[in-house]
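Per the numbering used here: the sequence shown ends with 123, consecutive numbering throughout. Quick notes on the structure that follows.
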Amino acid sequence: MKAVLVAFAGLVLGIMVVVAGLAVAWPAHADPDTDYANQLHGYGIYGLKDYNAWIGKNVCKRLYSGVDADAFKSAAFVSASLQRGTSTEQVWQFVDAAVNMYCPDERPVVQRAAERR
7 MKAVLVAFAG LVLGIMVVVA GLAVAWPAHA DPDTDYANQL HGYGIYGLKD
57 YNAWIGKNVC KRLYSGVDAD AFKSAAFVSA SLQRGTSTEQ VWQFVDAAVN
107 MYCPDERPVV QRAAERR
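Listed below in structure tokens is the structure:
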């Protein structure tokens, strides 16, 4: 009986070591909203992380649902949603970053707008 308990304890210890090793080796994934906020900060766009993420996600929602027929309409929505004094360039950077982060399948919409600007 004692040998069985020792063997069981060794097995449990071995499993714990393997699980601990996997936990350390598991790749860390950052929060997409934090990544988005960090990208916006690089453009000089600040504000509440959750609010900016909400605007960015709504850019995609509006494109998917057809509320915004093109990226120009999305830019107007973003411009109205951000602080006064946000430049036109920052608005477009915001839209571009939102599409890249939250709905990359909508990239052609932004590319078409860039060709027309």
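We put the CB at the ideal spot given by N, CA and C, even for glycine. Computed from a predicted model, the values in this text were never measured in an experiment.
What are the boundary residues of the alpha helix (DSSP H) that includes residue i?
| i | result |
| --- | --- |
| Ala6 | No answer is possible for residue 6: the residues shown for the chain start at 7 and end at 123. |
| Pro38 | Pro38 to Gly48 |
| Leu54 | Where Leu54 is concerned, there is no enclosing alpha helix (DSSP H), given that its DSSP letter is neither H nor E. |
| Pro110 | Where Pro110 is concerned, there is no enclosing alpha helix (DSSP H), given that its DSSP letter is neither H nor E. |
Output the distance between the C-alpha atoms of residue i and residue j, rounded to the nearest integer angstrom.
| i | j | result |
| --- | --- | --- |
| Ile61 | Gln45 | 14 Å |
| Glu112 | Lys79 | 14 Å |
| Phe83 | Gly48 | 21 Å |
| Leu88 | Pro114 | 24 Å |
| Asp56 | Arg122 | 31 Å |
Less than 8 Å between the CB atoms is what I'm expecting for residue i and residue j, so what's the real figure, rounded?
| i | j | result |
| --- | --- | --- |
| Tyr81 | Val101 | The sequence shown places Ala at residue 81, not Tyr. Ala81 to Val101, Cβ: 5 Å. Contact. |
| Gln96 | Ile51 | 5 Å |
| Ala77 | Ala119 | 4 Å |
Taking all protein chains shown into account, do 16 or more other C-beta atoms lie within 10 angstroms of the C-beta of residue i, making it buried, or fewer, making it exposed?
| i | result |
| --- | --- |
| Gln99 | buried |
| Ala59 | buried |
| Tyr108 | buried |
| Tyr42 | buried |
Quick one: what's got a C-beta closer than 8 Å to residue i's C-beta in the same chain, skipping five residues either side?
| i | result |
| --- | --- |
| Arg68 | Asp74, Lys79, Ser80 and Phe83 |
| Ser71 | none |
Near residue i, which residues of its chain fall below 7 Å by C-beta distance, leaving aside the five closest residues on each side in sequence?
| i | result |
| --- | --- |
| Pro38 | Met107 |
Enumerate in chain order the residues of its own chain whose CB-to-CB distance from residue i is below 6 Å, with the five nearest sequence positions on each side excluded.
| i | result |
| --- | --- |
| Ser85 | Val97 |
| Lys63 | Tyr108 |
| Ala36 | none |
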